[in-house]
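To keep things clear, I will list the structure first and then write my remarks on it.
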Amino acid sequence: MRSVWTSLLGLALAGPGHAAEALSGTLTSAGSETISGLIAQWSRGFASTHPAVRIQEQALGSTSAVLALVEGAADIGPMSRPMSAGEEALFVRRHGHRPSRIAVAHDAIVVFVHPDNPLRTLELGQLDGIYAAQPRCGGPALRTWAQLGGTGALAQQPVLPIGRNEGSGTAQFFRDRVLCGGDYRNAVVAWPGSGATIAAVAGNPSAIGYAPIGMVNARVQPLALAAATGEAVAADAEGVRSGRYPLARPLYLYYNRLPHRPLPALQAAFLEYILSSEGQAIVAREGFIPLAATEADAQRLQLE
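Residues -19 to -1, 1 to 285 (mature numbering (1 follows the signal peptide of the UniProt record, and there is no 0)) are what the sequence shown spells out, left to right.
Listed below in structure tokens is the structure:
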């Protein structure tokens, strides 16, 4: 769990109507571990004129965002996946209206291997064969590196799949997109954080893992991915923004907005900052892919 209290030194807003407004109080964010680092940096960047603001951040996974918003325990619920229909229904039963959300960045789930592994591309069907208890996407179960084209000593080694724990939006997204909604096999080693996933693959030449693009580093070798009938596409800015990379996804902030009512000033100001050029520059610095200007404008309209 990451629990961060940030005392904001002030507020530099790009959005209208808040630049000269004195803000005070506390905002609470609860949800995705993937977005946790962005929340912390946005909080620090939200800093020039309002020292009386604090942001409390807790990162226990995307599922925790739903529960916190339903119970009224958080102002903002970062999620690395959309709410499911069942989760939205739970929110509606409690509050009488649907949750609101904005997209705040582009992300991609990067699949990677140990740097000594010569593999450089995979098809989604092969990933299903590696991770699924019962492959549902049309391919066979894949259990050894020989089945994936491995040679030499690697060919005789079993594939060790590394993943994320239950409650992780990243794990759920991977299940939905790669396993065709199926179950992970028991051999998948599930870690509570992406940093641990990367470390596990970096330390084992037989391992394969996945993590958000903003967390992947030089300790592992990213793979280009191909859909069933397409060419392999790298997880770079062009591939992710265009949607050609098959595991591209938006990152969301959910919140509870009363119908036909404006957001509280502090909440609106923080969300406007995130969508500003300064807020999106932080997205790029953290290794994620910022919204295009037109995308940010469209999201900002939802705050009005």
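From the three backbone atoms N, C-alpha and C, an ideal C-beta is built for every residue, glycine too.
Predicted, not measured: the structure shown is a model, and the values here were computed from it.
Own chain partners of residue i with C-beta closer than 7 Å, once the 5 adjacent residues on each side are dropped
i, result
"N98", "L135, P186 and Q202"
"G176", "M196"
"P139", "R124, T125 and S187"
"A33", "S5"
"L8", "I36, D56, I57, L247, Q248 and F251"
"A205", "R101, T102, A213, V214 and A215"
"V182", "F93, V94, H95, I143, A188, I189, G190 and V201"
Through-space distance from residue j to residue i, alpha-carbon basis
i, j, result
"A127", "V73", "50 Å"
"A21", "L256", "15 Å"
"G224", "A89", "10 Å"
"residue 336", "L228", "Residue 336 is absent from the model: the chain starts at -19 and stops at 285."
"A249", "Q115", "45 Å"
Status (buried if at least 16 other CB within 10 Å, exposed otherwise) for residue i
i, result
"H(-2)", "Residue placement at H(-2) cannot be trusted, given a pLDDT of 44 that sits under 50; what the coordinates show is reported in the next sentence. Answer is buried; the Cβ neighbour count reaches 16."
"S29", "exposed"
"H241", "exposed"
"S65", "exposed"
"T(-14)", "Note that T(-14) has pLDDT 37, beneath the 50 cutoff, so the model's placement of it is unreliable and no number is given."
"D164", "exposed"
"G53", "exposed"
"R158", "buried"
"H78", "exposed"
Start and end residues, alpha helix (DSSP H) containing residue i
i, result
"W23", "S17 to G26"
"S43", "S43 to E52"
"G133", "G133 to A136"
"I263", "S258 to R266"
"I179", "S175 to A183"
Supposed contact pair residue j and residue i - C-beta distance, whole angstroms, cut 8 Å
i, j, result
"E267", "G195", "5 Å"
"M60", "Y235", "6 Å"
"A40", "E14", "5 Å"
Sequence-distant residues of its chain with Cβ nearer than 8 Å to residue i (five each side left out)
i, result
"I179", "F93, G190, A192, M196, V197, N198, R200 and V201"
"Q107", "G120, L123 and L129"
"A279", "none"
"W23", "F251, Y254, I255, G260 and I263"
Other residues of its chain near residue i: CB distance less than 6 Å, five sequence neighbours each side excluded
i, result
"V264", "A86 and P271"
"A207", "E104 and A213"
"Q283", "I83"
"S81", "Y236 and R238"
The beta strand (DSSP E) enclosing residue i, as first and last residue numbers
i, result
"I194", "Note, I194: premise wrong, no beta strand (DSSP E); not H, not E."
"D88", "S81 to V94"
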